[in-house]
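Comments concern the structure below.
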Amino acid sequence: MMHCPECGTKRSPGAATCGACGFVLATLEPAQKGAAVARTMMGVSLSDLAKGPNAAQEVDPDAPTLIKPGAKGPAKPVVPPPPENRTIVGMPALAPSGDAKPTPAQAPAQTLLGVAAPKAVASGASPAVKAPPPAEGTLLGVARPGIAPLRATDPSAGPAREGRAREMPHELGATIVPDVMERLRSGNPRPNVRDKLARKRLVLPPVQPRGEIPRERVRKNRRRALPVIVTAGLLVVFAGIFAVFYTSPPPLTARVKATPEGREAVEIECPSCPDGTKVQINAASADVKKQTALVTLPAPLALGENRLKVSLDRPGSGRDESVGVTVHVSYRLRPDLTGLANEKPSVHVAVEAVGGTEITIDGKPAAVKDGPAVHVIDVASDCTGPADEPATLKRRVPYIVKTEGGTREEGAVDVAVGIVPLHIDAPGARVIVEGETFVLAGRTMKGAEVLAAGKPIQVSADGSFAQRMSVSSVGSTNIEVRAKAPGMAPRIVPIAVRRVEKLAAAAQEFMADKPLGFTAFAAAQASDVGKPAVVSGEIVDARTQNHQTIFLLDVPAKEGCPKGQGPCRVRLVHGFPNPAKAGDVITAYGQLGKPWSAPGSSVVPEIQVAFTMPGERR
């Protein structure tokens, strides 16, 4: 039993090809064309080559034999050709040198998978198996260095050979083996093991694991992201520096205050507002002076949170804006001037607070649990007495507030209001008359109203007035003259009028009170103003004005004028038309007034005359 030298499968002695792998077992006899039959070896070891030419004559029991057509029995073993005609590992034999074309016996054998096939057979001979065409390229398209060229062609093939080589297809670096094509044509589709590997070899890129990004792409992404990261870092650093070193202007601050007139206002502090900036809250507005504006409100704010819209109109090209501010009112102490119209003028302080707040005002607790409380301040003494010019009523009312949260606040409510001026020319502060009437005359400010004994009297456009008053019976009558104006405290001047039957009897009663004489009131102090005083002398000058008579009296030595010091003078102001004239001697009864001085003259004492008697006093 013989074995296939290619795959080792057992075979029949007369088979031309191996049934397992298709290996060609018999070839044409070398005598057909006189050429030696070449045998293909899958590799010749160095030991075979070292045996020399004589070693090739040894008979291999497993060597293939040539079967001649019509021959009977086995033939002699085929003697291998000499080493120079054998092809080693697909390497073609060297072509003869020179331009002579090789003969068929000299044509090198072509290799296909290590099988050497004869290029031609003798005419008329029928080979056992049709020789496969010569290979046009290397198996699987891979050429091992030093083993075989990529494409070995037969130099004797000529142009037809080259055309056939161009017709062979190449797919993805793989070459379809011609032997496979011949098998398909002959109807034997059974592929060789090596044919399966030789069909196609797809060279695919390496598969990346799922979720893993190629390194080159990562490098590119890093290069692209680097400028973005650097820019973001610079922005963060710049923002930090800006936040540390930049100080924005402080916002608006607002708090509730009371105006000098006692009205409620909002004080706005704006550090970024230059002088002249107009600050407006609803319809009320004010101008900024030294970064502060006091906007008087038309109505008080409500207790609790108050959201206000403040409009800022900066002068010139300054920025105009509207800013919302919150003013919290937890309590309110508001001066109320309505009490000034009472018979006894007073100033009220209205006290309001949210629940749980305790308020002490002017040392007295204010009951605010059941609603607003009122603290009353009597200002009648400030408004009583004549005054030629307007004055200002001022009060400072301290308070202490304890909120529900335990916060303690101390402050004061400032009250400031003007007082209407009122001057009485006639009859004077104290007057004694024998008749039934007298004249009430004086002056006040323009637009003011004057009331005598609660009844209004006519006031001229310049503020002067004169009204005849009647005294119905003998006795003392106190008359209150009041001048008032809107938004101001009134001015009150009391007048004491006494009606008597005889002035002589009144003089005796007056002296019983021990009035001051010239010696005493000439050295009197400001505290002595209003005390009873009496003086006698000669009239130096007399004049009548504004329903009153003014005398300049020369006091003699016996009344207390020091000798050798010249004349001693006294100024008399009588609130009645007095018929006395210069050169007459009279005695005046009245109250000590403030010293009087004319421009360019010395200061002289003054007496507000209640009545006069002709002649010296007795």
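If you're matching positions, the sequence shown starts at 6 in this note's numbering and goes up one per residue. Here a beta-carbon is modelled for each residue, glycine too, at the ideal position from N, C-alpha and C.
Is the beta carbon of residue i less than 9 Å from the beta carbon of residue j?
i: ILE424; j: PRO461; result: no
i: ARG435; j: ALA494; result: no
i: THR301; j: CYS275; result: no
i: VAL590; j: ILE555; result: no
i: VAL420; j: GLU414; result: no
i: ILE437; j: ALA517; result: no
i: ARG576; j: PRO610; result: yes
i: VAL422; j: THR449; result: no
i: SER277; j: VAL284; result: no
i: ILE484; j: ALA466; result: no
i: CYS388; j: LEU456; result: no
i: VAL332; j: VAL384; result: no
i: TYR336; j: THR258; result: no
i: GLY309; j: VAL241; result: no
Applying the 10 Å Cβ sphere with the 16-neighbour rule, what's the burial state of residue i?
i: PHE243; result: exposed
i: SER626; result: Since the first residue shown for the chain is 6 and the last is 623, residue 626 is missing from the structure and cannot be characterised.
i: LYS399; result: exposed
i: GLU63; result: Low confidence applies here, because GLU63 scores a pLDDT of 43, under 50, leaving its location unreliable; read the following figure in that light. So GLU63 ends up on the exposed side.
i: SER607; result: exposed
i: SER386; result: exposed
i: PRO572; result: exposed
i: HIS579; result: buried
i: GLU564; result: buried
i: ILE497; result: buried
i: GLN553; result: buried
i: GLU357; result: buried
i: GLY390; result: exposed
i: GLY447; result: buried
i: LEU445; result: buried
i: ALA371; result: buried
i: ASN583; result: buried
i: GLY468; result: buried
i: PRO256; result: exposed
i: HIS353; result: buried
Going by C-alpha distance, which of the options is nearest residue i?
i: THR362; options: VAL354, GLY368, LYS374; result: LYS374
i: PRO520; options: LEU240, ALA538, ASP533; result: ALA538
i: VAL330; options: ALA392, ASN311, LEU239; result: ASN311
i: ILE366; options: GLY360, VAL379, ASP292; result: VAL379
i: GLN550; options: LYS489, ALA355, PRO432, GLY416; result: PRO432
i: ALA585; options: CYS566, ALA562, LEU557, SER602; result: LEU557
i: THR442; options: LYS451, THR449, GLY368, GLN472; result: GLN472
i: ILE382; options: LYS294, ASN347, GLY416; result: ASN347
i: ALA480; options: GLY452, ARG504, ASP393; result: Here residue 480 is Gly; the residue named in the question, Ala, does not match the sequence. Comparing Cα-Cα distances from GLY480 to each of GLY452, ARG504, ASP393, the minimum goes to ARG504.
i: ASP393; options: GLY416, LEU299, LYS451, LEU338; result: LYS451
When you compare only the Cα positions, how much space is there between residue i and residue j?
i: ALA136; j: LYS225; result: Its pLDDT being 47, under 50, ALA136 is placed unreliably by the model, and nothing is read from it.
i: ASP559; j: MET618; result: 16 Å
i: GLU439; j: PRO377; result: 54 Å
i: LEU306; j: ASP533; result: 50 Å
i: GLU526; j: ALA304; result: The amino acid occupying residue 526 in the given sequence is Phe; Glu does not appear at that position. In a straight line, the C-alpha of PHE526 is about 55 Å away from that of ALA304.
i: GLU548; j: ARG401; result: Here residue 548 turns out to be Arg, not Glu, going by the sequence shown. So the two alpha carbons sit approximately 46 Å from each other.
i: LEU597; j: PRO491; result: 34 Å
i: ALA477; j: LYS349; result: Going by the sequence as given, residue 477 is Ser instead of Ala. Roughly 27 Å between the two C-alpha positions.
i: ALA562; j: VAL540; result: 12 Å
i: PHE470; j: GLU454; result: 10 Å
i: GLU326; j: ARG487; result: 50 Å
i: GLU269; j: ASP341; result: 11 Å
i: LYS568; j: GLY588; result: 21 Å
i: PHE581; j: GLU272; result: 54 Å
i: ARG574; j: ALA615; result: 19 Å
i: GLY410; j: TYR404; result: 18 Å
i: THR180; j: ALA230; result: Because THR180 carries a pLDDT of 46, less than 50, the predicted location of this residue cannot be relied on, and the following value inherits that uncertainty. Going from the Cα of THR180 to the Cα of ALA230 covers about 47 Å.
i: ALA529; j: ILE364; result: 48 Å
i: CYS566; j: PHE515; result: 22 Å
i: ILE429; j: PRO499; result: 10 Å
i: ALA531; j: THR524; result: 16 Å
Hey, could you find the ends of the alpha helix (DSSP H) residue i is sitting in?
i: SER290; result: No alpha helix (DSSP H) holds SER290; the beta strand (DSSP E) holding it covers 289-292.
i: ALA26; result: A small fix is needed here, since residue 26 is Cys in this sequence, not Ala. It is not in any alpha helix (DSSP H) - CYS26 carries neither H nor E in the DSSP assignment.
i: LYS394; result: The residue asked about is misnamed: residue 394 is Glu in this sequence, not Lys. Looking at the DSSP string, GLU394 is not in any alpha helix (DSSP H), and its letter there is neither H nor E.
i: ALA358; result: Run containing ALA358: none in the alpha helix (DSSP H); it sits in the beta strand (DSSP E), 351-358.
i: GLU514; result: 508-517
i: GLY469; result: Note on residue identity: the sequence assigns Ser, not Gly, to residue 469. Looking at the DSSP string, SER469 is not in any alpha helix (DSSP H); the run it does join, the beta strand (DSSP E), is 469-475.
i: ALA259; result: That residue, ALA259, is in no alpha helix (DSSP H); its beta strand (DSSP E) goes 258-263.
i: THR524; result: 523-527
What residue range is occupied by the uninterrupted beta strand (DSSP E) comprising residue i?
i: THR408; result: No beta strand (DSSP E) holds THR408; DSSP gives it neither H nor E.
i: GLU272; result: 269-274
i: CYS388; result: Here CYS388 belongs to no beta strand (DSSP E); instead the alpha helix (DSSP H) covers 385-388.
Would residue i count as contacting chain D if we go by Cβ distances under 9 Å?
i: SER607; result: The displayed structure is made up of one protein chain only, and chain D is not part of it.
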